[in-house]
Amino acid sequence: MVRRAAVLTVTVMSTLAEISMPTDDSPPIEVDILIVGAGPAGLYGAYYAGFRGLRVAVMDVLPQPGGQITAMYPEKPIYDIAGLPSVRGRDLVDNLLAQAAPYGPEYLLGHQAVDLSYDDDRPVVRSVQGATVRAGAVIVTGGIGTFTPRPLPAARSFDGRGLVYFVRRLADHTDQDVVIVGGGDSAFDWADSLAPLARSVTIVHRRDRFRAHAATVERVREAGVEILVNSAVTAAAGSDGLETVQVTHLPDGTTRELKAQTLIAALGFTADLGPLLGWGLELRSRRITVGTDMATNLPRVYAAGDITDYPGKVRLIAVGFGEVATAVNNAATVIDPEAELFPGHSTDGPAERK
Numbered sequence: 001m002v003r004r005a006a007v008l009t010v011t012v013m014s015t016l017a018e019i020s021m022p023t024d025d026s027p028p029i030e031v032d033i034l035i036v037g038a039g040p041a042g043l044y045g046a047y048y049a050g051f052r053g054l055r056v057a058v059m060d061v062l063p064q065p066g067g068q069i070t071a072m073y074p075e076k077p078i079y080d081i082a083g084l085p086s087v088r089g090r091d092l093v094d095n096l097l098a099q100a101a102p103y104g105p106e107y108l109l110g111h112q113a114v115d116l117s118y119d120d121d122r123p124v125v126r127s128v129q130g131a132t133v134r135a136g137a138v139i140v141t142g143g144i145g146t147f148t149p150r151p152l153p154a155a156r157s158f159d160g161r162g163l164v165y166f167v168r169r170l171a172d173h174t175d176q177d178v179v180i181v182g183g184g185d186s187a188f189d190w191a192d193s194l195a196p197l198a199r200s201v202t203i204v205h206r207r208d209r210f211r212a213h214a215a216t217v218e219r220v221r222e223a224g225v226e227i228l229v230n231s232a233v234t235a236a237a238g239s240d241g242l243e244t245v246q247v248t249h250l251p252d253g254t255t256r257e258l259k260a261q262t263l264i265a266a267l268g269f270t271a272d273l274g275p276l277l278g279w280g281l282e283l284r285s286r287r288i289t290v291g292t293d294m295a296t297n298l299p300r301v302y303a304a305g306d307i308t309d310y311p312g313k314v315r316l317i318a319v320g321f322g323e324v325a326t327a328v329n330n331a332a333t334v335i336d337p338e339a340e341l342f343p344g345h346s347t348d349g350p351a352e353r354k
C-alpha cells in the first residue's frame, strides 16, 4: 500500500491540504509509478496509471499542480485540447485533477526531484525537501524544467507594484491601463483576453514582425489594441505603484509616455533542467531523448510531454497526453511482465479489461 503520510493530497477543484512534510529519516514512499512533473501530461498520467490499477505518486517543485499553466496563464483560453473548443487554463487543471482523483494519486508538491538511484532494479528518487520515493518506474513529465521569466530592466523597481510577468486573474486588471511588452503568443493572448476588461491595452514590441499566431494578431488589432512596433519600454514612473511608462521608438529615438497601472513583461523565460542533468539521461538540445515507447536510456525511466525529443516531435498539450499514456502502458509491462501492453478501452467493463 502507498504510505499516505508526508505528502500533499489534492482534492477536486485544486483544493490542497498539507498533511505533513517528510524528513530525511522518513521511510520511502512505495508506488508503482512516480511521475516527476505535475503539468497537464503528468496529471493525465496520474489518471491513466490509476486506470491501469497502478499506485502513483506525482512530484513537482511548484507548490500547486498544473505546471506552466498554473504558474503562467491560468486564465488564458487553450484551444488545442481535443473535444474542447476552448478551455481556461485553470479549468483544464481542475478537470485533470478531478479525472485522476478516483484513483487516489499521491501529490508531493513543492518537492524538487534531485537524486536518482536504484534498489533491486527499482528506481529511487529523493527530493531536496527530504521525500524518498521507491517506484517500479519513473515517468518524467517536467515540461521545460524550472523556468524563470526574462526581466524587463527598465521597470525592475516596480516588480510587484505594477510590473508582472504572468496574468493570474484577468479581473484584477479591470478598468486599468495595461501595457504589454512582447511579440509572441503570450503577449497577444493576454491582449486578446484583457481588451474587453481593461480601460486600454497597448502592445510594445522591438520589431515589426510577430511570433504570435497570425489569427490572434488580427483579432487583437480588430479589438482596438494599439500596437507600437520597433519600440521598447525604456523607463517607468509612479509613487506607490506604477503610473506611467516611457516608450522609445528605436529607429529615431523619439519617446512617448503612456498611462499604465499594469505592465506585463511577456518576454519569454529561461528554462533549466536542474538536478535532472545529473541523472545521466541522454539529452538533445537540453531535452530528454526517448524512443517510440517513451523510454529513456536509463532503466525503468520514461519521459513524456514537452521535455522529450525525438524525430518529428510536436510540442502540444494534446501530444503530451498521448505520450504519457504510451509511457504508462510500456512501464506497466516492465513492472509486471505478465501485464498486457494495451489494457483495453476505458469504455470497456472491468471484466473485459482483464
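So for the sequence shown, full-length UniProt numbering puts the first residue at 1; every next one is plus one.
By construction, the Cβ of each residue, glycine as well, lies at the ideal position given by its N, Cα and C atoms.
None of the values given here were measured: they were computed from a predicted structure.
Cβ-Cβ distance between LEU283 and LEU273 below 9 Å: yes
Residue-level contact to chain B via CB, LEU116, 9 Å cutoff: Absent from the structure: chain B. Only one protein chain is present.
Contact belief for PRO343 with ASN330 at Cβ below 8 Å, rounded distance in angstroms: Not confirmed; about 12 Å, so no contact.
ARG199 - DSSP class collapsed to helix/strand/coil: coil
Distance CB(TYR47)-CB(TYR103) smaller than 9 Å: yes
First and last residue of the uninterrupted beta strand (DSSP E) at GLN246: 244-249
From ILE29, GLY50 and PRO40, residue whose alpha carbon lies closest to that of SER346: GLY50
Rounded distance between the beta-carbons of HIS205 and VAL229, thought under 8 Å: 6 Å
Cutoff 6 Å; reference SER117; Cβ partners in own chain excluding five residues on either side: VAL124
ILE317 in three-state terms, based on DSSP: helix
Beta-carbon gap between GLY66 and VAL93 smaller than 9 Å: yes
Three CB pairs or more closer than 8 Å across the stretch 154-174 and the stretch 183-195: yes
At least three beta-carbon pairs within less than 8 Å, the stretch 29-40 to the stretch 55-63: yes
Buried/exposed call for THR248, threshold 16 Cβ in 10 Å: buried
ALA101 to ASN95 span [Cα, whole Å]: 10 Å
Contact under 9 Å by Cβ, ARG300 with GLY136: yes
Per DSSP, cross-strand counterpart(s) of residue 355: As displayed, the chain neither begins before 1 nor continues past 354, which places residue 355 out of reach and without an answer.
Rounded C-alpha distance that separates LEU163 from LEU109: 27 Å
7 Å CB neighbourhood of ARG256 in its chain, flanking five on each side removed: VAL247
Where LYS76 falls, given that 16 or more other Cβ within 10 Å makes a residue buried: buried
Simplified DSSP state of SER117, which is helix, strand or coil: strand
Buried or exposed by the 16-neighbour rule on C-beta atoms within 10 Å, applied to ARG55: buried
Separation of LEU277 from MET21, as counted between CA atoms: Its pLDDT being 49, under 50, MET21 is placed unreliably by the model, and the measurement read from it follows with that caveat. Those two C-alpha atoms are separated by around 26 Å.
Option nearest ALA215 by Cα separation, candidates TYR79, PRO74 and GLY39: TYR79
Rounded straight-line distance, which links the Cα of ASP208 to that of VAL181: 13 Å
Extent of the continuous beta strand (DSSP E) to which THR132 belongs: 132-140
Pair within 9 Å by beta-carbon distance, GLY305 and GLY291: no
Contact under 9 Å by Cβ, TYR107 with GLY89: no
Cβ-based burial, LEU242 [other Cβ within 10 Å; buried from 16]: buried
GLU222: first and last residue of the uninterrupted alpha helix (DSSP H) it sits in: 214-222
For GLN261 and THR174, the rounded distance between their alpha carbons: 11 Å
C-beta contact flag for VAL334 and ALA41 at 9 Å: no
Chain-order list of residues whose beta-carbon lies under 7 Å from that of LEU194 (same chain, five-residue window excluded): LEU170, HIS173, VAL178 and VAL201
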